[in-house]
Amino acid sequence: MIETYGVETYLDKIKDRDDYFRLKVAFENTKNSKIELLEHSVAGVLLIPQKEELLEREIYIGYHVTRDNFVLIGDDEDLLKMSQVLEQIKEANETNTMNMLFWLMEYIIKDDFEYLQDFEARLNDLEEMLLERESKNFDKDVLTIRKELLRLQFYYQQLIDIADTLVENHNLIINDVQTRLFDLYSRRVDRLFDTVNRLKEYTIQLRELYQSQIDLRQNEIMKVLTVVTSLIMPLTLITGWYGMNFRNMPELENQHGYFTIIVLSLVIIVIEILIFKFKNWFK
Amino acid sequence: MIETYGVETYLDKIKDRDDYFRLKVAFENTKNSKIELLEHSVAGVLLIPQKEELLEREIYIGYHVTRDNFVLIGDDEDLLKMSQVLEQIKEANETNTMNMLFWLMEYIIKDDFEYLQDFEARLNDLEEMLLERESKNFDKDVLTIRKELLRLQFYYQQLIDIADTLVENHNLIINDVQTRLFDLYSRRVDRLFDTVNRLKEYTIQLRELYQSQIDLRQNEIMKVLTVVTSLIMPLTLITGWYGMNFRNMPELENQHGYFTIIVLSLVIIVIEILIFKFKNWFK
Amino acid sequence: MIETYGVETYLDKIKDRDDYFRLKVAFENTKNSKIELLEHSVAGVLLIPQKEELLEREIYIGYHVTRDNFVLIGDDEDLLKMSQVLEQIKEANETNTMNMLFWLMEYIIKDDFEYLQDFEARLNDLEEMLLERESKNFDKDVLTIRKELLRLQFYYQQLIDIADTLVENHNLIINDVQTRLFDLYSRRVDRLFDTVNRLKEYTIQLRELYQSQIDLRQNEIMKVLTVVTSLIMPLTLITGWYGMNFRNMPELENQHGYFTIIVLSLVIIVIEILIFKFKNWFK
Amino acid sequence: MIETYGVETYLDKIKDRDDYFRLKVAFENTKNSKIELLEHSVAGVLLIPQKEELLEREIYIGYHVTRDNFVLIGDDEDLLKMSQVLEQIKEANETNTMNMLFWLMEYIIKDDFEYLQDFEARLNDLEEMLLERESKNFDKDVLTIRKELLRLQFYYQQLIDIADTLVENHNLIINDVQTRLFDLYSRRVDRLFDTVNRLKEYTIQLRELYQSQIDLRQNEIMKVLTVVTSLIMPLTLITGWYGMNFRNMPELENQHGYFTIIVLSLVIIVIEILIFKFKNWFK
Amino acid sequence: MIETYGVETYLDKIKDRDDYFRLKVAFENTKNSKIELLEHSVAGVLLIPQKEELLEREIYIGYHVTRDNFVLIGDDEDLLKMSQVLEQIKEANETNTMNMLFWLMEYIIKDDFEYLQDFEARLNDLEEMLLERESKNFDKDVLTIRKELLRLQFYYQQLIDIADTLVENHNLIINDVQTRLFDLYSRRVDRLFDTVNRLKEYTIQLRELYQSQIDLRQNEIMKVLTVVTSLIMPLTLITGWYGMNFRNMPELENQHGYFTIIVLSLVIIVIEILIFKFKNWFK
Ligand SMILES: [Mg+2]
Ligand SMILES: [Mg+2]
Ligand SMILES: [Mg+2]
Ligand SMILES: [Mg+2]
Ligand SMILES: [Mg+2]
Ligand SMILES: [Mg+2]
Ligand SMILES: [Mg+2]
Ligand SMILES: [Mg+2]
Ligand SMILES: [Mg+2]
Ligand SMILES: [Mg+2]
Ligand SMILES: [Mg+2]
Ligand SMILES: [Mg+2]
Ligand SMILES: [Mg+2]
Ligand SMILES: [Mg+2]
Ligand SMILES: [Mg+2]
Ligand SMILES: [Mg+2]
Ligand SMILES: [Mg+2]
Ligand SMILES: [Mg+2]
Ligand SMILES: [Mg+2]
Ligand SMILES: [Mg+2]
Ligand SMILES: [Mg+2]
Ligand SMILES: [Mg+2]
Ligand SMILES: [Mg+2]
Ligand SMILES: [Mg+2]
Ligand SMILES: [Mg+2]
Ligand SMILES: [Mg+2]
Ligand SMILES: [Mg+2]
Ligand SMILES: [Mg+2]
Ligand SMILES: [Mg+2]
Ligand SMILES: [Mg+2]
Ligand SMILES: [Mg+2]
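Chains as they are written, first to last, in this note's numbering: chain F, 1 to 283; chain P, 1 to 283; chain Z, 1 to 283; chain H, 1 to 283; chain X, 1 to 283.
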């Protein structure tokens, strides 16, 4: 039988049970999904990050599964999001409560492979922008993506933990068929986990590409500075030289002096440009 | 029965026991939490970092648990911090000594998920400051946080080790129900450990953001230098040129010479600015 | 018996089976290779990256293996690529369906060691180009290679998962001889995985080489700037000095003034060059 | 019975045993601690780095433990260092030879937690020096520390291997009580290993701090260069401008020309300083 | 019985066996060492990197071990390198064929600890050169060493895999005594693997040292540029200033004008040098 309660209401309802204290711990103060094995029941929390606002919003669903009852605990808004799967369970006339938990856990990951595809697409866009050298908000964008991936990985890790806990204690809680289901569930979530890991490695590669683009950019800036300085400074020296006020500087009096200096300056410029070209500074 | 002693006093009290030497090793010279399995008892140390001054202050609590006695060892100040949990145990009429150890170990981690939330908040603040480019004390702040996370991770690792040691040797020391309790305890601390790990990954991401901000800052500084130099140097060359003292420089005598140079200088400036603009140097 | 179907056709054909829903999940929405253990059969997908266009094209082959039937599911184009191994199986009169799956899985990795050799060759070429300092498209090339290696590693990981899933559940699905075959298969793919890992470490080494080449290049550019500036600036100061218009500057009137300045300038240049040489700036 | 021999002497003594060849391998050519399980005995080497000169000096202690004999092999100088523990064993009338090995292995790590505290203190000193920006020999100091930590971690790894080898083969070689002792020994050394790991992570953090200090320093140097250049270059252009020798430059003839230029220069300087201040260049 | 064949010859000889196809796969197309377990025999390849030319030359030794025959497969040149161990086996009258395989596998690693010592020496040399700031070919040298270490680690990984495969399947192929031998072999090679790992960590440390030396070098170059520019630019401004041609510049007419400027220039230089000294720019 499926029941739903608010946290307060349910704690109030069970306050005379022997394992009240442990159930209270199981439902309260949680920052991640978990399962606690009690004497004749399992209880815990699913803390499901919401895809549209991954870093801000999480759905809290407490669950308490006994042999005969499947209790979901949470505020109305969050429980509403699970109404679709609860309908399915009812329609299918599912009576085994551990199977209900399995349906629920399947439901919350069912679109995740598609969702991770979107991440890959976003990273591909970032890569293309990088290769086009349009890395305006790269730092911020990639940081957001990495925080989201970290959040997801943490989430999947907890789901794997829950499934593995059930499988490892299979004789006590779940039967052989269910053991196989939860084992496959664990493997499926592990594939999600691995996919996130692969995306994380990809972001590291993008960050390294970005880093060397910054460094290459610096080399280009320095090259401009060096080329400009190297081209102009020698000529400035020459002009300074013939701006000196010494009494007898024969060149200044010479009729072809000015023309010679013009030619000399052009020759210096050409030679320097050739040197830079030869040394491949203009790429 | 719960008893508390100072280290010296207790070592003196037990000095005639067969396992005196091993107990002495268990209580002394410790730099981390641990458990030692003795013939008919377990002994060890909980070394609990204090949240307010994580890197400076640790509480030392030695414990010696036999079938009938639960002995806590430490100086008065440290033992006082545990008085609350000792009260609880007495009130609950708990008689099993291994359960007492469990209560104690639960007590020391009970607020830790909230505590780790504070870390996340601190890191979020650091991130916002970074994105605002106010990274004044970033190096020092992030180093402190990383040292604290390292300290916590080390602490959780030892708690997991203690719980796992008990679980692995379950038939000898603890009964089946307790085995399940300590196993769940190990899993709970492992979630804390994973949370710290996630925070550590986050600090690495912040550090990389910081690093590329330093590099971007350098590029900006170099750009200013290069733009200033590139704008002014050619004009300086021109002024130097017409500061030369050659006898016959027709331009100097030309009536429109000065005006032509003014126009030429403006044209050069405009062209250079256009080039820099075209090459996106002003971002 | 070997049969082949399109996805739609096959789902239509089996729509009345008890395990229809689970089979549907097994064939649909997949982003990686996998296996699902059902009551009396195994089903799953092989998603095989195509070597010629590793990041763009994958072959989708669904499989459903019962005791008597070996069903391959996919579109015609993809199934065609498997026709060679299907021929072999028929020629060999293979009747065990799990053996057929083994043949198929062997077939898809049979040329992979040679293929990975090509990667090594490509990386060796990149290294040689780097050491020749021709790193034009290095960033892009190495990023492509790393993405391809990531893709392959992910692919091998899933194949290992499939083989290990079969081995771990051996009594239920496969016999002892097959267990050994799939165990060896898992080890063989693990060698492929390790080879990819080694190639990944190699790309990291190349990237670090590239990174320090960019940094060394920057040092060279800065050296040119510093040498040019340091050589010319002092002379420019001297020429500026004797370009001042003070009334009584005795040096200007001195008969040997100009000659002395020429000598002084040469001496300064020579000294500076010696200093730079001594300090090893010209390498 | 405890016996001590030189390597040559002992090999000569046992040269007629069946397992002579394997024993020879066990004692010779070793670069790390190890254990070899023989038919009725265990043999191996403890290679103990000496704390005062961690990277230069190691003590070599070969051991051969049979049911009745505990043989230590090494040169006199090295064996002397173990004399203290040998005394203890004799005084305690220890007769079990595997217990003797345990005593020996405990002895060589007994002061290691204190020793690792010293490392932490050294790293804290380095950190303080870094934060004071006195990083004179940082590179060399941190490299030495990291090599030492690497050496220690390698040493602890081998000790764990030895203890685990004994525990895993417990029925053959050691009894149940000893199994528990060596298991606890393995856990204790693992805590040392983890402590070294934590110190290694700390050195990585220090190195990253150092790296960003170098980069920040570079930004400061570049800022000085850019500020100096930006402040002076425009003025230099102005002075060059009015140093040109054109015939009719009205400003030069103007009575207030010189005064105007003085004012203009001051205005330019003030504006530039304001810009730099506004852009936070003086931090 | 020991037999040796060329690959072609042996494949021809066994072409009528049932397991011909699997044996062919075992001997052909191999890029790493491996073992394949067949019905009544084991077959595989040892691919041994040659120490003198680690990255270029590998010895190929195929092996096929049945109960009665120990067959080595390879070309004459490669088999010749194994002749020494074959002699030993014959002299020792070894009759068990799996023991022969063990002898062979021991033989190929017997000098490896000494060999790895040479690597450590080479890295120590590199470190000393770095600390002397003679890092001419560092990039190339360290890349070669890292590729060699990667090659070795890969090789040891495969040897461990072979030994572990035999140990894990011990009842089928090898007896209890041999199980222990191969287990110890696996541990010994694992120590080699760990040693290579430690050398790899050392190369990473050297690379980081190198990287910060390049950065420090850059800071030095920038300092020279900034000091030269900062010292000379202000003086150049002064000389430019008094090179202006304004009509009434009183300083120019003043009798002590020139002398005042000389003194002013000296004062500026001294002040700047003091500032740089105070700010520790000359280290
Ligand atoms: Mg992770
Ligand atoms: Mg996986
Ligand atoms: Mg997993
Ligand atoms: Mg995984
Ligand atoms: Mg990676
Ligand atoms: Mg990076
Ligand atoms: Mg850690
Ligand atoms: Mg975990
Ligand atoms: Mg963990
Ligand atoms: Mg755990
Ligand atoms: Mg990670
Ligand atoms: Mg980093
Ligand atoms: Mg990977
Ligand atoms: Mg492997
Ligand atoms: Mg594997
Ligand atoms: Mg590796
Ligand atoms: Mg890197
Ligand atoms: Mg390590
Ligand atoms: Mg351990
Ligand atoms: Mg460890
Ligand atoms: Mg540990
Ligand atoms: Mg870590
Ligand atoms: Mg680093
Ligand atoms: Mg191993
Ligand atoms: Mg190891
Ligand atoms: Mg290993
Ligand atoms: Mg490795
Ligand atoms: Mg490391
Ligand atoms: Mg690393
Ligand atoms: Mg690395
Ligand atoms: Mg590095």
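Cβ coordinates follow ideal geometry from the N, Cα and C atoms, glycine included. Owing to the predicted nature of the structure, the values given are computational and were not obtained by experimental measurement.
Exercise. Cβ atoms of Z/Asp190 and Z/Ile160: under 7 Å apart, would you say?
Worked result: Within the third sequence, residue 160 of chain Z is the residue found at index 160, counting from 1. Within the third sequence, residue 190 of chain Z is the residue found at index 190, counting from 1. Cβ distance < 7 Å, so Z/Ile160 and Z/Asp190 count as in contact.
Exercise. Would you say F/Leu47 and F/Tyr63 are within 7 Å of each other, going by their C-beta atoms?
Worked result: As a first step, residue 47 of chain F is located in the first sequence; it is residue number 47 there, counting from the start. As a first step, residue 63 of chain F is located in the first sequence; it is residue number 63 there, counting from the start. Result no, Cβ atoms of F/Leu47 and F/Tyr63 do not sit closer than 7 Å.
For this session: Go ahead and label Z/Ala163 buried or exposed: buried means 16 or more other beta carbons lie within 10 angstroms of its beta carbon, across all protein chains shown.
Result: Here residue 163 of chain Z refers to the residue found at position 163 when the third sequence is read from its first residue. Buried: at least 16 other Cβ atoms inside 10 Å.
Exercise. Closer than 7 Å, CB to CB, is P/Gln205 near chain F or not?
Worked result: Residue 205 of chain P sits at position 205 when you count from the first residue of the second sequence. Chain F contact via Cβ: present.
Exercise. What did DSSP end up calling P/Leu181 once you bin it into helix, strand or coil?
Worked result: By 1-based counting over the second sequence, the position of residue 181 of chain P is 181. In this structure, P/Leu181 counts as helix in the three-state DSSP scheme.
Exercise. Hey, is P/Tyr185's beta-carbon within less than 7 Å of any beta-carbon in chain H?
Worked result: Here residue 185 of chain P corresponds to residue number 185 of the second sequence, with the count starting at 1. It does not; no Cβ of chain H falls within 7 Å.
For this session: Can you tell me the Cβ-Cβ gap for Z/Thr66 and Z/Ser41, rounded? I've got them flagged as a contact below 8 Å.
Result: Your numbering for residue 66 of chain Z matches position 66 in the third sequence. Your numbering for residue 41 of chain Z matches position 41 in the third sequence. A Cβ-Cβ separation of about 4 Å places Z/Thr66 in contact with Z/Ser41 under the 8 Å criterion.
For this session: Please list the segments of the alpha helix (DSSP H) lying wholly inside the segment 212-259 of chain H, counting only runs of 4 or more residues, in order along the chain.
Result: 250-253
Exercise. Given P/Leu237, which residues of its chain have a CB within under 6 Å of its CB, disregarding the five upstream and five downstream residues?
Worked result: Translated into the one-based positions of the second sequence, residue 237 of chain P becomes position 237. Excluding positions up to five away in sequence, the list is empty.
Exercise. What does P/Tyr60 pair with, by DSSP beta-bridge criteria?
Worked result: Residue numbering aside, residue 60 of chain P sits at position 60 when the second sequence is read from its first letter. P/Tyr60 has P/Leu47 as its beta-bridge partners, per DSSP.
For this session: Look up Z/Glu134 in the DSSP assignment and say whether it is helix, strand or coil.
Result: Residue mapping note: residue 134 of chain Z aligns to position 134 of the third sequence, counting from 1. In the structure shown, Z/Glu134 sits in coil (DSSP, three-state: anything other than H, G, I, E or B).
Problem set entry | Cβ-based neighbour list, Z/Val71, same chain, cut-off 6 Å, excluding 5 preceding and 5 following | Locating residue 71 of chain Z in the third sequence gives position 71, counting from the first residue. Closer than 6 Å at the Cβ level, and outside the excluded window around Z/Val71, lie Glu3, His64.
Problem set entry | Against chain H: residues of the segment 55-68 of chain P by CB proximity under 8 Å | none
Exercise. X/Leu209: which of X/Arg122, X/Gln117, X/Val267, X/Arg133 sits nearest, CA to CA?
Worked result: Within the fifth sequence, the letter at position 209 stands for residue 209 of chain X. Out of X/Arg122, X/Gln117, X/Val267, X/Arg133, X/Arg133 has the C-alpha closest to the C-alpha of X/Leu209.
Exercise. For the segment 216-235 of chain H, which residues have a CB atom closer than 7 Å to at least one CB atom of chain X, in sequence order?
Worked result: Arg217, Gln218, Ile221, Met222, Val224, Leu225, Val228, Thr229, Ile232, Leu235
For this session: Would you kindly report the start and end of the unbroken beta strand (DSSP E) that includes H/Lys34?
Result: Translated into positions along the fourth sequence, residue 34 of chain H becomes position 34. Counting along the chain, the beta strand (DSSP E) containing H/Lys34 begins and ends at 34-37.
Problem set entry | the segment 234-248 of chain X: positions lying closer than 7 Å to chain H by Cβ | Pro234, Thr236, Leu237, Gly240, Trp241, Gly243, Met244, Asn245, Phe246, Arg247, Asn248
Exercise. What are the start and end residues of the alpha helix (DSSP H) that includes P/Glu52?
Worked result: Numbered from 1 along the second sequence, position 52 holds the residue referred to as residue 52 of chain P. Neither: P/Glu52 is in no alpha helix (DSSP H) and is coded neither H nor E.
For this session: Can you give me the Cβ contacts of Z/Ser135 inside the same chain, cut-off strictly under 7 Å, excluding the 5 residues immediately before and after it?
Result: Reading the third sequence from its first residue, position 135 is the one you call residue 135 of chain Z. Answer for Z/Ser135: Met129, Tyr210, Gln213, listed in chain order.
Exercise. For Z/Thr4, which of helix, strand or coil comes out of DSSP?
Worked result: By 1-based counting over the third sequence, the position of residue 4 of chain Z is 4. DSSP places Z/Thr4 in strand when its eight states are reduced to three.
Exercise. Are the beta-carbon atoms of F/Met249 and Z/Tyr242 separated by less than 7 Å?
Worked result: Here residue 249 of chain F refers to the residue found at position 249 of the first sequence. Here residue 242 of chain Z refers to the residue found at position 242 of the third sequence. In this structure, Z/Tyr242 does not lie closer than 7 Å to F/Met249 by Cβ.
Problem set entry | Straight-line gap, H/Leu131 to P/Lys140 (C-alpha atoms, nearest Å) | Numbered from 1 along the fourth sequence, position 131 holds the residue referred to as residue 131 of chain H. Numbered from 1 along the second sequence, position 140 holds the residue referred to as residue 140 of chain P. C-alpha separation (whole angstroms): 8 Å.
Problem set entry | Every unbroken alpha helix (DSSP H) inside the segment 60-98 of chain F [4 residues or more] | 76-80, 83-91
Problem set entry | Interface partners of F/Asn32 on chain P, CB under 9 Å | Start at 1 with the first residue of the first sequence, and residue 32 of chain F comes out as number 32. Ordered by position in chain P, the residues that pass the 9 Å Cβ test against F/Asn32 are Phe113, Arg191, Asp194, Thr195.
Exercise. How many angstroms separate the CA atom of P/Leu123 from the CA atom of Z/Phe21?
Worked result: If you number the second sequence from 1, residue 123 of chain P lands on position 123. If you number the third sequence from 1, residue 21 of chain Z lands on position 21. Taking the straight line joining both Cα atoms gives about 45 Å.
For this session: Give the straight-line distance between the Cα atoms of H/Leu166 and H/Glu39, rounded to the nearest whole angstrom.
Result: The residue you call residue 166 of chain H lines up with position 166 of the fourth sequence. The residue you call residue 39 of chain H lines up with position 39 of the fourth sequence. One C-alpha to the other measures close to 14 Å.
Problem set entry | Among X/Phe278, X/Pro234, X/Ile273, the one whose alpha carbon lies nearest that of X/Ile261 | To locate residue 261 of chain X, count along the fifth sequence from 1; it is residue 261. Minimum Cα-Cα distance from X/Ile261 among the listed residues X/Phe278, X/Pro234, X/Ile273 corresponds to X/Pro234.
For this session: Establish whether the CB of P/Glu53 and some CB of chain F are separated by less than 7 Å.
Result: Taking the second sequence and counting its residues from 1, the one referred to as residue 53 of chain P is at position 53. False, the Cβ-Cβ gap to chain F never drops below 7 Å.
For this session: Output yes if chain P places a C-beta closer than 7 Å to the C-beta of F/Arg146; else output no.
Result: Residue 146 of chain F sits at position 146 when you count from the first residue of the first sequence. For F/Arg146, the answer is yes, since a Cβ of chain P falls inside 7 Å of its Cβ.
Problem set entry | Members of the segment 257-269 of chain F near chain Z, C-beta cut-off 9 Å | none
Problem set entry | Where Z/Leu266 falls, given that 16 or more other Cβ within 10 Å makes a residue buried | Position 266 of the third sequence, counted from the first residue, corresponds to residue 266 of chain Z. With fewer than 16 Cβ atoms within 10 Å of its Cβ, Z/Leu266 is classed as exposed.
Exercise. Excluding the five sequence neighbours on either side, which residues of its own chain have a C-beta within less than 8 Å of the C-beta of X/Lys34, listed in chain order?
Worked result: Here residue 34 of chain X is taken as the residue at index 34 of the fifth sequence, counted from 1. Only Ala26, Gly44, Val45, Gln158, Asp161, Ile162 meet the Cβ criterion.
Problem set entry | Straight-line gap, Z/Asp321 to F/Leu192 (C-alpha atoms, nearest Å) | Outside the shown range of chain Z, which is 1 to 283, sits residue 321 of chain Z, and nothing can be said about it.
Exercise. Since Z/Glu22 is in the alpha helix (DSSP H), which residue starts that stretch and which ends it?
Worked result: Taking the third sequence and counting its residues from 1, one reaches residue 22 of chain Z at position 22. At residue 22 of chain Z the sequence reads Arg, which differs from the Glu that was named. First-last of the alpha helix (DSSP H) with Z/Arg22: 20-27.
Problem set entry | Partners in chain Z for F/Gln117, counting only beta-carbon separations shorter than 8 Å | For the purposes of this step, residue 117 of chain F is taken as residue 117 along the first sequence, with counting starting at 1. Going along chain Z in sequence order, the residues near F/Gln117 (Cβ under 8 Å) are Lys31.
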